[in-house]
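Just below is one structure, and these are the notes that go with it.
In this note's numbering, the protein residues as written are 48 to 158.
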């Protein structure tokens with residue numbers, strides 16, 4: 048199973064606006080912004096493959112896909128985790144609640 052990127056899924060407290068805000072935040076984080084500008088990374092919001100029946104909130108997730116052999120998945124995961132943690136702390140401070148984002152590798156099957 049080859050890893051192609053990182054998946055970020057918000058927990059039960061997340062909203063569609065949170066998904067949009069987090070995507071914007073990730074696009075502006077320096078290491079990720081650089082990879083995006085060099086077209087070596089893409090960040091897409093998509094319907095979650097793990098939609099939970101009866102779950103309130105969005106069944107959306109962000110998928111960060113590596114478009115070249117320029118970054119290790121470990122580095123991408125680290126950059127993403129750091130940015131998501133900062134975003135989560137800011138959101139909690141400004142809006143309350145805790146969407147509890149989950150970060151995990153994205154394999155060749157998109158899972």
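For every residue, glycine included, the Cβ atom is placed at its ideal position computed from N, Cα and C. What you are looking at is a predicted structure, and each value in this text was computed from that prediction instead of being measured.
Checking 7 Å against the spacing of the C-beta atoms, do residue i and residue j come in under that value?
i: residue 153; j: residue 63; result: no
i: residue 109; j: residue 92; result: yes
i: residue 79; j: residue 126; result: yes
i: residue 150; j: residue 55; result: yes
i: residue 147; j: residue 58; result: yes
i: residue 87; j: residue 123; result: no
Grouping DSSP H, G and I as helix and E and B as strand, with all else coil, what is residue i?
i: residue 95; result: coil
i: residue 108; result: strand
i: residue 149; result: strand
i: residue 123; result: helix
i: residue 51; result: strand
Going by C-alpha distance, which of the options is nearest residue i?
i: residue 76; options: 150, 151, 136 and 131; result: 131
i: residue 74; options: 129, 147, 136 and 90; result: 90
i: residue 61; options: 107, 123, 88 and 81; result: 107
i: residue 83; options: 112, 128 and 135; result: 112
Applying the criterion that 16 or more other CB atoms from any shown protein chain within 10 Å of the CB defines a buried residue, is residue i buried or exposed?
i: residue 48; result: No answer about residue 48 holds up, because its pLDDT of 45 lies below 50 and its placement is not dependable.
i: residue 133; result: exposed
i: residue 139; result: exposed
i: residue 71; result: exposed
i: residue 119; result: exposed
i: residue 94; result: exposed
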